[in-house]
Amino acid sequence: MQASLLTSLLLPLALGVIMFGLGLGLGLDDFRRIARYPRAVITGLVLQVGVLPWAALALALLFRLPPELAVGLMLLAASPGGATANIYSHLARGDVALNITLTAVNSLLCLLTLPLILNLALEFFLGAGQYVPPPVSKIVEVAVIIVLPVSLGMATRALAPAFAARMEKPIRLLSVVVLALLIIAAVAQAWSTLLGFFAVVGLACLLFNLISMGVGYAAPRALKLPRRQAIAIAMEIGIHNGTLAIFIALNVLESPMMSVPAAVYSLLMFFTAAVFAFWLNRRAERTAV
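Going by the numbering used here, 1378 is the number at position 14 of the sequence shown; the sequence numbering is gapless.
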């Protein structure tokens, strides 16, 4: 994937639309909700920040990925959950309110954790002196693309709640469509390149996706959390914000190769999450009989 008008202009715009749509569904109550079920929120955050990067590191070493692809997989692991996690959680009858809370907290937390994990990955795989631009400028750049549209969405909801309520679902659907079209266009633009890399990184991305959703569901259940909360956590940490990872790889790190794992993962996760939701629903129906 090469940086172009598609990725340098349309990608940030698409990410802005997605984050604005997320903001329309957020209010201060979503942050206050942390106090209502702290165990679920803490579990989700610990899995996101403390488990997934290690899983990505293990897969990168196991498959002996080229350094830039390994860093791209680590970047993906450090990215927060995607807005579409809410949709899949709803389809699987998960706790969507918990999804919204986790997405909000994760999106803010990643402003601290993402640069840290990314710099450690760059140091480990590419050696000394391979840091990204100064942390301050990097954090500001990512913060603007995340916090500004989310804040505008939240402000719209606070100032015009009726309008925000009417627009939330259409913009959420628009976000999914825009993301899908953007990924399809990016893949079509660099199909031969991606096809070559798919053989190298495809299985690692698939396993990372399955591990993310599997651990995201099994760990909360082992901790005796309600099934609906376990589903929400599984979708939250299994559906990463690939758009953000691709944006950082292309526009901040200026490395098209580092964007490949996120592009491949984004294609796979829509299918695996749908199958996972179907399996959860069938399992629930069998249990209810």
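Note that CB positions come from ideal geometry on N, CA and C, so glycine has one too.
For clarity, every value in this text was computed on a predicted model and none was experimentally measured.
In the pairwise beta carbon analysis, the segment 1613-1626 is classified as not touching the segment 1450-1463: fewer than three pairs are separated by under 8 Å. Of all alpha-carbon atoms in R1396, L1523 and I1597, the one lying nearest the alpha-carbon of P1444 is that of I1597. Three or more Cβ pairs closer than 8 Å define a contact, and the segment 1393-1410 falls short of that threshold against the segment 1567-1574.
Going by DSSP, E1432 is part of the alpha helix (DSSP H) stretching over P1431 to A1442. H1604 has G1445 as its beta-bridge partners, per DSSP. For P1479, the uninterrupted alpha helix (DSSP H) run begins and ends at V1460 to L1490, by DSSP. Sequence-distant Cβ neighbours of A1609 in its own chain, meaning closer than 6 Å and more than five residues away, are L1439, L1440, S1443 and A1626.
Between the segment 1421-1440 and the segment 1558-1570 there are three or more inter-stretch CB-CB distances shorter than 8 Å, so the stretches are counted as touching. Non-local C-beta neighbours of A1613 in its own chain, meaning closer than 7 Å and more than five positions away in sequence, comprise G1436, L1439, S1619, M1622, S1623 and A1626, ordered along the chain. Selection L1486, V1511, F1611 and L1538 evaluated against L1473 yields V1511 as nearest (Cα-Cα).
Proximity of the segment 1472-1490 to the segment 1516-1524 falls short of the contact definition, fewer than three beta-carbon pairs being nearer than 8 Å. Residue range P1402 to V1410 is occupied by the alpha helix (DSSP H) that includes P1402.
Each residue's CA atom was taken as its position, placing T1467 and P1534 some 19 Å apart. At the C-beta level, M1599 and Y1452 come within 7 Å of one another. Annotated three-state conformation of L1617 is coil, per DSSP. Secondary structure at P1625: helix, using DSSP grouped into helix, strand and coil. G1380 and P1525 do not touch by the CB rule: their CB atoms are close to 22 Å apart, not below 8 Å. For the pair A1637 and I1603, the CB atoms are nearer than the 7 Å cut-off.
Taken atom to atom, the span from the alpha-carbon of A1419 to that of A1485 is near 13 Å. Distance from the Cα of L1632 is smallest, within the candidate group N1605, L1390, N1450 and A1582, for N1605.
Each residue's CA atom was taken as its position, placing G1414 and Y1629 some 20 Å apart.
By alpha-carbon distance to G1387, the top candidate from R1591, Y1401 and V1469 is V1469. For P1590, no alpha helix (DSSP H) encloses it, and the DSSP letter there is neither H nor E.
When rounded, the separation of the alpha-carbon atoms in V1579 and R1457 is 18 Å.
Close CB contacts of F1427 within its chain, under the 6 Å cut and outside five residues either way in sequence, are with A1568 (chain order). The Cβ atoms of G1385 and R1530 do not sit closer than 7 Å to each other. When DSSP states are grouped into helix, strand and coil, G1517 belongs to the helix group. Between R1403 and L1589 a beta carbon distance of about 6 Å is seen, short of the 8 Å cut, so the two are scored as contacting.
Its chain contains V1624 as the residues whose beta carbon lies nearer than 6 Å to that of F1561, once the 5 sequence neighbours on both sides are disregarded; these appear in chain order.
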